[in-house]
Each structure stands twice: as C-alpha cells, then as structure tokens.
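Asks: One structure, as structure tokens, below. Some questions next.
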Amino acid sequence: MTVLNTVEPATGLASLRRSPLADRAAEFAASSADGLRGVRLSEEAFLTQVNLRVPPESPALLAGLERELGLALPHRPNSVVGDERDAVLWLGPDEWLVIAPEGRADRVVSRARTAMADSVGSSVDVSADRTTVRLAGPVSRDVLEKVCSLDLHPRAFGAGQCARTLVGRVRVALWQVGAEPAYRLLVHCSFAGYLADLLLDAMAEFTHA
Amino acid sequence: MLLIHCPWCGARDEAEFRYGGQAHVDRPPDPNAVDDREWGEYLFVRDNPRGRFSERWVHSAGCRRWFDVVRDTATNEMSAEVPSRSGRR
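These protein sequence lines are chains A and B, in that order. According to the numbering used here, the stretch in the first sequence is residues 440 to 648, in order. According to the numbering used here, the stretch in the second sequence is residues 32 to 120, in order.
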C-alpha cells in the first residue's frame, strides 16, 4: 500500500497557490510609467480579508468588537479606518471588511467571534474571494474615471474612502489608500483578468507617450 | 441614465441598482384563506399610475440594501427614500 504524503497545511499549501494575476506581473510592469503623467498597475495578492456582519444597533457589541480587533469600525458610509496594513472598510450599514496582512485571517476571525460570542452576527474569512489590484500614480484618477461612474474628484472622494461600485462591468470594492492618488481595487478573482485588461486599456493613452 | 440616491451610499449611477417593482405589496397572512382571484392579484397585478409611484430598488453593486422610493413615472423624479420597510430580499 502506498502511503501518500500529506501536505503540511501552513507552508505546503501556501507554496502551491497562485494569485489570479500572478502571470501578468511582467505585463503590468511594462505597461506602467513613472513621472508626472505616470500610472502604475500591480497586484497585491493574498491580503487577509474578513467580512463582518454585525447588528449596528448594539453599541456594546460594536465597542467589544473594536476592542478585540484593535481598530474602530467606520460608521460613516463609504469610509475606511486604519492604514494600508490594517484597516476596516465600511461596506454597508451592518457590514464591514477587515483588511490585514497575509495569513492573519484565523486570528481576526477568532477575535471577532470572541467579541460576538453572546450575539448574532457573523465573521467570515473571505480572503480567497477577492484579489487586490493597485492603481497608483499622478494620473490614476484620470484612468479610473474612464471606467467608473463615481465622482472621484478630491472634493467628493479622497484618501481613506471606499465604495463598492461598478468598474467597467464588474463589482469592485474601490478604496483610495493615498492622496497621490493611489487606489486599491478589490475584485472577485474570476473577474480580475477582465479588470486588468480594462485598466491596461484605459492606461494606454497615458503610458504610450 | 438616472442618478439614484441610495439612502446609505449616496448618489450612484442607475447601473448599480436593480428594480424591485411596486412597494408595499403585502403577502396575504393566510394564503389558504384567499380565493384564486385574490391570490392572482397579489402575485401578478400591480398599479400602473402616471405620476407618483412607490417602488423598491436594491443597490446590488453597492451596499446590497433594499429601499423604497417614490418615483414620478412621467418625469422620473425620485423622492422620499427611506430604508425599506417591507424588508423583503
């Protein structure tokens, strides 16, 4: 009888996985440009993403959750609390998305469950649901405005804001992470290729001097 | 293209929304107690006014919440948006 080697869960599986846009990295680099009219496209793979659904009418529960997570939950629609490393995005009146570095999902979920032990609510690791596309550079807003109907002018949308919206034909969680401007687009994995094609096409007029 | 005000997310493009038909159509509490005509009217028959009309929309590409609006079917002006009372998904 053959004994199959079991894959060691933490390291073994991590070495096997591939992000949806892993094979496009060289193409992204070649299509990006620096400078005053520059825009850069890249993938930030495997960010930890945890979806929280919490009844918003319970301040004690929200306070406990914030204590466990070490981050405030944004209550203003379309806003983000935190930085690029650790953040919470407002997704809806009772829905948030916790962002953390790779591999932290179990910790975030267990802490959220501790805080919600006596309450209804859910915390789900959705890290594999979406990949993150980063669009940055002085003209990145111009690029995005070609494919998104949101008003992205700084008077209406700035760093620390997010929105679930349509970019092209796909649903994306759009998050402005910096004033440069720089954006993160959290897109469902199977639509990542479409989004990359769409953004590369929109970037072409700026990067092909 | 309409610019629709989601009560949560603010003004968004119509393409982010789906239409949910007439608002405040309540399911009969005891379906067995109504006759075929009443049940048929509940299922299929809706108002079709020229003018103000209460209807439901869902912000499907955004916060995914249902809400009610009053839309003027002649001018497409929308008003009185409150989070959906009917709560149907």
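By construction, the Cβ of each residue, glycine as well, lies at the ideal position given by its N, Cα and C atoms.
1) For residue 63 (chain B), count neighbouring C-beta atoms within 10 Å of its own C-beta (all shown protein chains included) and say buried if the count is 16 or more, exposed if not.
2) With a cut-off of 7 Å, does the C-beta of residue 118 (chain B) fall near any C-beta of chain A?
3) Based on the DSSP secondary-structure assignment, which residues constitute the bridge partners of residue 622 (chain A)?
4) Are the C-beta of residue 532 (chain A) and some C-beta of chain B separated by less than 7 Å?
5) Check this for me: beta carbons of residue 619 (chain A) and residue 575 (chain A), under 7 Å apart or not?
6) By DSSP, does residue 67 (chain B) sit in helix, in strand, or in coil?
7) Determine the closest residue to residue 84 (chain B) out of B:74, B:61 and B:56, with distance taken between C-alpha atoms.
8) From what residue to what residue does the alpha helix (DSSP H) around residue 539 (chain A) run?
9) Return the chain-ordered list of same chain residues with a C-beta closer than 8 Å to the C-beta of residue 107 (chain B), the five sequence neighbours on each side being excluded.
10) Using CA atoms only, rank isn't needed, just tell me which of B:98, B:93, B:103 and B:105 is closest to residue 51 (chain B).
11) Between the stretch 43-55 of chain B and chain A, which residues of the former have a C-beta closer than 8 Å to a C-beta of the latter?
12) So that I know if they touch, is there some Cβ in chain B lying closer than 7 Å to that of residue 641 (chain A)?
Replies: Once the coordinates are examined:
1) Here residue 63 (chain B) refers to the residue found at position 32 when the second sequence is read from its first residue. Exposed: under 16 other Cβ atoms inside 10 Å.
2) For the purposes of this step, residue 118 (chain B) is taken as residue 87 along the second sequence, with counting starting at 1. At residue 118 (chain B), the pLDDT of 45 sits below 50, so the modelled position is not reliable and the matter cannot be decided from this model.
3) Here residue 622 (chain A) is taken as the residue at index 183 of the first sequence, counted from 1. A:574 and A:615.
4) Translated into the one-based positions of the first sequence, residue 532 (chain A) becomes position 93. It does: the Cβ of residue 532 (chain A) has a partner Cβ on chain B nearer than 7 Å.
5) For the purposes of this step, residue 619 (chain A) is taken as residue 180 along the first sequence, with counting starting at 1. For the purposes of this step, residue 575 (chain A) is taken as residue 136 along the first sequence, with counting starting at 1. In this structure, residue 575 (chain A) lies closer than 7 Å to residue 619 (chain A) by Cβ.
6) Against the second sequence, residue 67 (chain B) aligns to sequence position 36. Helix at residue 67 (chain B).
7) As a first step, residue 84 (chain B) is located in the second sequence; it is residue number 53 there, counting from the start. Taking only the C-alpha atoms, the option nearest residue 84 (chain B) is B:56.
8) As a first step, residue 539 (chain A) is located in the first sequence; it is residue number 100 there, counting from the start. It is not in any alpha helix (DSSP H) - residue 539 (chain A) instead sits in the beta strand (DSSP E) that spans 534-539.
9) For the purposes of this step, residue 107 (chain B) is identified with residue 76 of the second sequence, where counting begins at 1. So the qualifying residues of the chain are 33.
10) The sequence position of residue 51 (chain B) within the second sequence is 20, counting from 1. For the residues B:98, B:93, B:103 and B:105, the minimum Cα distance to residue 51 (chain B) belongs to B:98.
11) 43, 44, 46 and 47
12) Within the first sequence, the letter at position 202 stands for residue 641 (chain A). Judged by the 7 Å Cβ criterion, residue 641 (chain A) is not in contact with chain B.
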